Ligand code: PMP
C-alpha cells in the first residue's frame, strides 16, 4: 500500500464502551462504568422541536443559525456573561469546536493533569504535544497558577512557548468544581503571560448544589477567554452532536472567530440544521427543560455520591463529587493488597483486571494524563440508571434513586467486586487454579462476584 496510515488510537472512553458492549454480547455480566454518557432520556419537548425541523436540508451558515446564536447568547447572558450573538460559533459537538480552537491557536497549549482524555490527544493531533500541569488538591480542571507560570517560563526558555491553557469547569474526571479564587489566579497568570484561556463548561449546569455556580474565567479575563458548552451532558443529547463556543469581543476575538469559522468551513461546513433548531429551543431554557436538568442533577448527585461511599467503604481514598457524573477514587491505600492478590502495580493493570475478571469498565488515571503507576480510576455510573427509557425515567423521577432495585443491585455488585478485589484470604495456601506468578489469583471460588464474573 502506498501509505502507512497514521496510528490514532480510539479515544479511551469510546474504547472502554466498545469493550463492555463486546463482553455483554459474550454473555458476561457487566458493570459499565466507563463511558461519559449522561444516561437520562431526551426530553420529549426536544424530540418535538427536532422533528419539526427534520425537513431542513440546507447547509446554512458556517457559524450557525442566527436563532441558535441569539439563544446561546441569552443562555450565557443569564449566567453573568453578557454575550453578543456575533461572537458565538456553533459546531457538531463541542469536541469539534475544541479541536478547531486548538488548530486556530497553532501552538502549544497547557492542559490540566488530570483532564478529559481528548484535550491532550487533540493537541497532539494538532501538532503540539501539550504541557500537562497539575491541579490544586480538590480542585480539578484548573491548572495550579504557580505551576502554570513555571511551565510557561520553562517552555519559553526551551523555545516551545505555550500559547493557551485549557480549563474544565466543572471537571471531568474528578467531578469537582474549582473555586473563584483558583480561577482568578489562573486568569492572572494568563494575563501576565498573554495566554488564551479555553474554558470548557460543558458540565456547567450539573453542579450538584444549586446554590453553587461556575465562576467562569470569562468574568475576569473576557478579552482572552473562549467558553464552550453543548447539549451533550445536561440535556443528555451527546448523539445529536451540537456544541457552541463564545469567543471574546474585540480585534483578537474577531480574528480568532475568523480562523475558527474558516477551519469549520473546511471541515464540517455547517452544523446539522435540525439540531440547531432544537438547540435554539434548548438554550432558550423553557421551564420544562430547566426542571428536567434539575432532576438529572439530583440523580447524578445521588448515584455518584453512593458510588463514592462504596469505594470509601472498600478502603479507597475518594471525594464525594460536587458536579457532573464522575467519581475519581484512589485505590492507593489498597496498593499492597492489589499487588499481593493480583500482581497489579499500575492503573492500566487495575482497570484491565476489573474488565477481564469482573466485567467492570472504568478508566485508569493514565487516560487522563496521570502517571502509569497512579491507582486512581474514573467511574461514570450513569449507565446504571436503567437499560431502557422506562427505567431511566423512573430513576429521574425517584426521590431515592439508589434504592431502585436495578441501581441498588449494581451498587451491591460493585461493593462485592471491590471486596473480592482486595480479599487476601485464599492467598494463604496455594489452591488449584491459582495463576502462576507472584501470588496472582484467577478466582476465589467462594465469592458470588467472582462466580458471576467468570
Ligand atoms: N468536554 C468534556 C470535559 C467532556 O467530558 C466531553 C464529552 N465527554 C466533551 C467536552 C465533548 O462533548 P461533545 O463533543 O459531545 O460536546
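Residue numbers (our numbering): 5 to 458. Even glycine gets a Cβ: it sits at the ideal position worked out from N, Cα and C. Just so we're clear, the structure is a prediction, and the values are computed from it rather than from any experiment.
Rounded separation between residue i and residue j - CA only
{"i": "residue 336", "j": "residue 119", "result": "19 Å"}
{"i": "residue 377", "j": "residue 343", "result": "12 Å"}
{"i": "residue 420", "j": "residue 35", "result": "12 Å"}
{"i": "residue 261", "j": "residue 193", "result": "23 Å"}
{"i": "residue 77", "j": "residue 231", "result": "11 Å"}
{"i": "residue 82", "j": "residue 226", "result": "16 Å"}
{"i": "residue 284", "j": "residue 117", "result": "34 Å"}
{"i": "residue 341", "j": "residue 353", "result": "14 Å"}
{"i": "residue 44", "j": "residue 387", "result": "9 Å"}
{"i": "residue 356", "j": "residue 330", "result": "19 Å"}
{"i": "residue 312", "j": "residue 175", "result": "16 Å"}
{"i": "residue 62", "j": "residue 277", "result": "7 Å"}
{"i": "residue 255", "j": "residue 213", "result": "38 Å"}
{"i": "residue 66", "j": "residue 18", "result": "28 Å"}
{"i": "residue 161", "j": "residue 198", "result": "16 Å"}
{"i": "residue 156", "j": "residue 339", "result": "35 Å"}
{"i": "residue 238", "j": "residue 429", "result": "44 Å"}
{"i": "residue 215", "j": "residue 80", "result": "18 Å"}
{"i": "residue 322", "j": "residue 52", "result": "41 Å"}
{"i": "residue 5", "j": "residue 159", "result": "39 Å"}
{"i": "residue 113", "j": "residue 407", "result": "44 Å"}
{"i": "residue 152", "j": "residue 163", "result": "16 Å"}
{"i": "residue 435", "j": "residue 14", "result": "Low per-residue confidence applies at residue 435: pLDDT is 45, beneath 50, and the placement is therefore not dependable, though the value from the model is reported in the following sentence. Going by the C-alpha atoms only, they are around 39 Å apart."}
{"i": "residue 449", "j": "residue 102", "result": "In this predicted model, residue 449 has a pLDDT of only 35, less than 50, meaning its place in the structure is not dependable enough to derive any value."}
{"i": "residue 25", "j": "residue 33", "result": "11 Å"}
{"i": "residue 515", "j": "residue 10", "result": "Limits of the chain in this structure are 5 at one end and 458 at the other, which puts residue 515 out of reach."}
{"i": "residue 134", "j": "residue 106", "result": "11 Å"}
{"i": "residue 252", "j": "residue 299", "result": "33 Å"}
{"i": "residue 327", "j": "residue 229", "result": "22 Å"}
{"i": "residue 186", "j": "residue 242", "result": "29 Å"}
Nearest candidate by alpha-carbon position, reference residue i, set the options
{"i": "residue 64", "options": "331, 319, 313 and 280", "result": "280"}
{"i": "residue 302", "options": "402, 71 and 311", "result": "402"}
{"i": "residue 346", "options": "307, 426 and 88", "result": "426"}
{"i": "residue 71", "options": "304, 286 and 414", "result": "286"}
{"i": "residue 320", "options": "334, 135 and 247", "result": "334"}
{"i": "residue 69", "options": "92, 54 and 373", "result": "92"}
{"i": "residue 97", "options": "186, 266 and 236", "result": "236"}
{"i": "residue 27", "options": "360, 209, 375 and 38", "result": "360"}
{"i": "residue 316", "options": "423, 137 and 363", "result": "423"}
{"i": "residue 368", "options": "178, 313 and 428", "result": "178"}
{"i": "residue 362", "options": "6, 273 and 31", "result": "31"}
{"i": "residue 46", "options": "393, 370 and 408", "result": "393"}
{"i": "residue 358", "options": "399, 305, 372 and 417", "result": "417"}
{"i": "residue 405", "options": "246, 305 and 243", "result": "305"}
{"i": "residue 110", "options": "165, 121, 151 and 159", "result": "165"}
{"i": "residue 189", "options": "163, 217 and 221", "result": "221"}
{"i": "residue 375", "options": "138, 187 and 191", "result": "138"}
{"i": "residue 84", "options": "217, 267 and 251", "result": "217"}
{"i": "residue 100", "options": "246, 398 and 332", "result": "246"}
{"i": "residue 16", "options": "398, 381 and 371", "result": "371"}
{"i": "residue 20", "options": "223, 399 and 381", "result": "381"}
{"i": "residue 108", "options": "299, 263 and 241", "result": "263"}
{"i": "residue 195", "options": "318, 224 and 268", "result": "224"}
{"i": "residue 397", "options": "240, 268 and 259", "result": "240"}
{"i": "residue 267", "options": "258, 104 and 332", "result": "104"}
Opposing strand residues paired with residue i [DSSP bridges]
{"i": "residue 327", "result": "211"}
{"i": "residue 94", "result": "248"}
{"i": "residue 36", "result": "365"}
{"i": "residue 116", "result": "137"}
{"i": "residue 426", "result": "According to DSSP, which records beta bridges pairwise, residue 426 is partnered with nothing at all."}
{"i": "residue 459", "result": "With the chain covering 5 to 458 only, the question about residue 459 has no answer from this structure."}
{"i": "residue 25", "result": "In DSSP, residue 25 forms no bridge with anything."}
{"i": "residue 334", "result": "321 and 380"}
{"i": "residue 168", "result": "113 and 200"}
8 Å contact criterion, which residue i and residue j should meet: CB distance rounded
{"i": "residue 23", "j": "residue 365", "result": "6 Å"}
{"i": "residue 211", "j": "residue 94", "result": "Actually they do not touch by this definition, with Cβ atoms about 24 Å apart."}
{"i": "residue 349", "j": "residue 325", "result": "Not confirmed; about 27 Å, so no contact."}
{"i": "residue 384", "j": "residue 131", "result": "Contact flag wrong, Cβ pair sits at about 30 Å."}
{"i": "residue 49", "j": "residue 270", "result": "Residue 49 to residue 270, Cβ: 35 Å. No contact."}
{"i": "residue 297", "j": "residue 209", "result": "5 Å"}
{"i": "residue 167", "j": "residue 200", "result": "6 Å"}
{"i": "residue 73", "j": "residue 86", "result": "That pair is no contact at about 14 Å."}
{"i": "residue 373", "j": "residue 115", "result": "7 Å"}
Give a yes or no on contact between the segment 139 to 154 and the segment 176 to 184, applying the rule of three or more CB pairs nearer than 8 Å. yes
Within the chosen definition, does the segment 195 to 215 reach the segment 171 to 180 through at least 3 CB pairs nearer than 8 Å? yes
Okay, do the segment 120 to 134 and the segment 146 to 162 touch, 3+ Cβ pairs below 8 Å being the bar? Contact between the segment 120 to 134 and the segment 146 to 162 is absent, because fewer than three Cβ pairs lie under 8 Å.
I'd like to know if the segment 39 to 58 and the segment 407 to 417 are in contact, where contact means that at least 3 CB-CB pairs between them fall below 8 Å. Contact between the segment 39 to 58 and the segment 407 to 417 is absent, because fewer than three Cβ pairs lie under 8 Å.
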